[in-house]
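Asker: This note's numbering puts the first residue of the sequence shown at 1037, with every later residue one more than the last.
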Amino acid sequence: MIKFLAFLPALLLFQSGLDWDDCERMALKNPQRAFELLTERIESERGEDDLERARIQSLRGKLLLDFGLYQEASVTLYEAEEVFAQEDCAPCLAKNHNYLGELYYKIKGVQAALDRHFQALAVFEKVGDREELAKTQGFIGTMYEKLEDYPEAIRYQKLALATLKDSPQSLAGAFVLENLGSIYEDLERYDSSSMYFSKALALNLELGDSTHLPGNLNNLADIERKTGNYELAMQLSEKAKAASEALGNLYQQKSALVDISKTFSLMGNYDLAYQRLEEARRLDEEIFSAETARQLSIQETQYRLQQQIAQIRQLEQESDFEDKFRALLVFLLLLLVGIGLLIFNRQKLKIRSGKALLEQQEKMLQIKERLIATEKENINLLEARMSVEVESQSKALTAQTVHLLEKNQMLEGIRQKLKNSLDVEPKDQKKRIRHLIKQIDYNFSQDADWEDFKNNFEKVHQDFFKSISKDRLELTPAEMKLASLIRMNLSSKEIAATLGISPESLRIARYRLRKKLGLQKGESLQNYILCI
């Protein structure tokens, strides 16, 4: 009756709505019963939303982990993780990360566990849940202890205590204190270890957490035995044994018996040491048997179907033994057939899925190959087009330069002829001829074709004018034109003809350009410009 009343609040909350603090406390007090109630809740399909069902699955995964059913735990926790990510529930996801961290430590190793705990740490730091943040820091410190990185382990445990400074009286605080005691025990600093174990024990007693009391007492007994206080070690181990018996915790009871045996051996009482060790051995056999039965029961709970429960209840209501026996035979036969069909269908589905996946991969590979071939063809076409464009621009630039050269040569010839005719023509005609000469001179200095030439030149020699005008160097249009003609590798005679100036004027213009470009004596202006 007392046990029923103790679980009545949990039953009521499973009937009406889930209080997660009560759920987690019940999972600590009686994990197997909590697991059964959570499973019933999942199977009953009472209309919880996806997020609520995911939270139930997450806690069930933690319990499966505690039961040692690692594969079932991983499936359940991953299912919950997928929903938490879809629903964007950061605190739920972080708590699930910590559960997976504990699982990874069991099956993958410390580093994999650390990765999960650090993911949880980042979330709890953001949402500001101090108790869960401290618990996560404690997990990380414990992993560093397993790696024998004791300075880092201590640092994270003390970070956890600092996080809990406003609420030190909590289960998370007891967890962190116990971790610190374990670290200092590894370091053989028994005074510090004893202090932290004692604080953890006092806090658990104050909070009424009887689940962890046997472990607290066993840890303190280890310290006293290692420091030679055999009488006190014996008293603490006996208390741990009594607390374990009261809770029905066979693991802690066995641990206490082993510790008592070690203490008797150190005290020289080998008969009693042997007796306690024999008790521990018998208890170990009982644990193995009980644990096997418990795990089988949990697996049945994990995979049972609502139809099976209905059939069992129907069989229990039957009064006639023959009807019960017949129904039982039918049930077993259907179960075997169902299992056979299930196995057959699953294998068939696996084969079909594998074949479909293979076909899809082959199609994807063919598509990728076609895409690569198309891309290569496009690149080749682009390169060919660019080559044609560059060649075309180069030809246009060369043609324009030749045209400019021919035009200027022609104008130069006209100017010379006009100059020669000045001596023989009448006075009125001389004015007109001089006017024509001025117009031709003006055309030499202000060539209207320069912008077209410049645009074509830039297409062939990209960013040339920008590069030669670096460091805010301001070149005149005439200097820019001179530089571009040098870049085209024309001779001095061709450049002078194109610009319509004398070789001496060209030499002066080149000198001024060298000076503006900051070239030292002996440096080639042509080489400098060709390298731009």
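Virtual Cβ for every residue (Gly too), placed ideally from N, Cα, C.
Would the stretch 1529–1539 count as touching the stretch 1485–1498 if we require 3 or more Cβ pairs under 8 Å?
Answerer: Touching, no, given that fewer than three Cβ pairs across the two stretches are closer than 8 Å.
Asker: Please look up how many angstroms separate the CB atoms of Ala1196 and Val1212, rounded, as I've assumed it's under 8 Å.
Answerer: Right, the Cβ-Cβ distance comes to about 4 Å (below 8 Å), so this counts as a contact.
Asker: For Glu1242, report the span of its alpha helix (DSSP H) as first-last.
Answerer: Here the alpha helix (DSSP H) through Glu1242 covers 1226–1243.
Asker: Mind checking if Gly1536 is an interface residue toward chain D, Cβ cutoff 9 Å exclusive?
Answerer: Here chain D cannot be found, since the structure has a single protein chain.
Asker: At what residue ranges does the stretch 1061–1144 contain a whole run of the alpha helix (DSSP H), taking only runs of 4 or more?
Answerer: Fully enclosed alpha helix (DSSP H) runs of 4 or longer: 1067–1080, 1086–1103, 1106–1123, 1126–1143.
Asker: Grab the span of the alpha helix (DSSP H) containing Glu1214 for me, first residue to last.
Answerer: First-last of the alpha helix (DSSP H) with Glu1214: 1207–1222.
Asker: Determine the extent of the alpha helix (DSSP H) in which Thr1534 is found, giving its start and end residues.
Answerer: Looking at the DSSP string, the run of the alpha helix (DSSP H) that includes Thr1534 is 1528–1535.
Asker: Taking Val1119 as the reference, give the member of Arg1091, Gly1137, Pro1513, Arg1317 with the closest Cα.
Answerer: If we check each option's Cα against that of Val1119, Arg1091 comes out closest.
Asker: Just mark Ser1423 as buried or exposed, buried being the case when its beta carbon has 16 or more other beta carbons within 10 Å.
Answerer: Ser1423 is exposed by the Cβ-count criterion.
Asker: What is the residue span of the alpha helix (DSSP H) that Leu1157 lies within?
Answerer: Here the alpha helix (DSSP H) through Leu1157 covers 1146–1163.
Asker: Mapping DSSP to helix, strand and coil, what is Leu1200?
Answerer: Reduced to three states, the DSSP call for Leu1200 is coil.
Asker: Can you tell me the Cα-Cα spacing of Glu1123 and Leu1129, whole angstroms?
Answerer: In a straight line, the C-alpha of Glu1123 is about 10 Å away from that of Leu1129.
Asker: Helix, strand or coil for Ser1538 per DSSP?
Answerer: Coil.
Asker: Look at the alpha carbon of Tyr1232 and the alpha carbon of Lys1098, and state the distance between them as a whole number of angstroms.
Answerer: Going from the Cα of Tyr1232 to the Cα of Lys1098 covers about 27 Å.
Asker: Could you tell me the boundaries of the alpha helix (DSSP H) in which Ser1297 lies?
Answerer: That run of the alpha helix (DSSP H) goes 1286–1302.
Asker: With contact counted as at least three CB pairs below 8 Å, one residue from each stretch, are the stretch 1156–1165 and the stretch 1140–1148 in contact?
Answerer: No: the two stretches stay apart, fewer than three of their Cβ pairs being nearer than 8 Å.
Asker: If contacts are defined as beta-carbon pairs under 8 Å, then Arg1096 and Phe1071 qualify, I think. What distance do you get, rounded to the angstrom?
Answerer: Confirmed, Cβ separation roughly 6 Å.
Asker: Cutting at 6 Å between CB atoms, please list the residues of its own chain near Thr1299, excluding the five before and the five after it.
Answerer: Around Thr1299: Arg1261, Tyr1266, Ala1269, Met1270.
Asker: Would you say the stretch 1276–1287 touches the stretch 1236–1245, given that touching needs at least three Cβ pairs under 8 Å?
Answerer: Too few Cβ pairs lie closer than 8 Å, so no.
Asker: Once the 5 residues before and after Gly1174 are set aside, which same chain residues still bring their CB inside 8 Å of it?
Answerer: Cβ neighbours of Gly1174 beyond the five flanking positions: Tyr1192, Gln1193, Ala1196, Ala1208, Phe1211, Val1212, Asn1215.
Asker: DSSP on Lys1262, reduced to helix/strand/coil?
Answerer: Lys1262: helix per DSSP, three-state reduction.
Asker: Can you look up Glu1411 in the DSSP assignment and give me helix, strand or coil?
Answerer: Of the three classes helix, strand and coil, the one that applies to Glu1411 here is helix, per DSSP.
Asker: With C-beta atoms as the reference, is Gln1093 less than 9 Å away from Leu1113?
Answerer: Contact flag set, yes.
Asker: Apart from the five residues just before and just after Glu1281, which ones in its own chain have a Cβ nearer than 7 Å to its Cβ?
Answerer: The answer, listed in chain order, is Gln1289.
Asker: I need the DSSP call for Met1524, collapsed to helix, strand or coil.
Answerer: Here Met1524 sits in coil by DSSP.
Asker: Would you mind stating whether Ser1229 and Tyr1220 have Cβ atoms separated by less than 9 Å?
Answerer: Taking 9 Å as the Cβ cut-off, Ser1229 and Tyr1220 qualify as a contacting pair.
Asker: State the Cα-Cα distance for the pair Ala1149 and Glu1411, rounded to the nearest angstrom.
Answerer: Their backbone Cα atoms lie some 44 Å apart in a straight line.
Asker: By the three-class DSSP mapping on this structure, what secondary structure does Leu1004 have?
Answerer: Limits of the chain in this structure are 1037 at one end and 1568 at the other, which puts residue 1004 out of reach.
Asker: Going by the beta-carbon positions, is the gap between Asp1227 and Asp1258 smaller than 9 Å?
Answerer: No.
Asker: Is Arg1523 closer than 9 Å to Ile1565 when the C-beta atoms are compared?
Answerer: Contact: yes.
Asker: If you count every other CB in all the chains shown that lies within 10 Å of the CB of Ser1389, and 16 or more means buried, which is it?
Answerer: Classification for Ser1389: exposed.
Asker: State the DSSP-derived secondary structure class of Asn1305, mapped to helix, strand or coil.
Answerer: Three-state DSSP puts Asn1305 in coil, outside helix and strand.
Asker: Can you name, in chain order, every residue of its own chain whose Cβ lies under 7 Å from the Cβ of Ser1503, other than the five neighbours on each side?
Answerer: So the list reads Ile1568, once near-sequence residues are dropped.
Asker: Should Leu1101 and Tyr1135 be called a contact, given that it needs their Cβ atoms to be closer than 9 Å?
Answerer: Yes, Cβ-Cβ distance for Leu1101 and Tyr1135 is below 9 Å.
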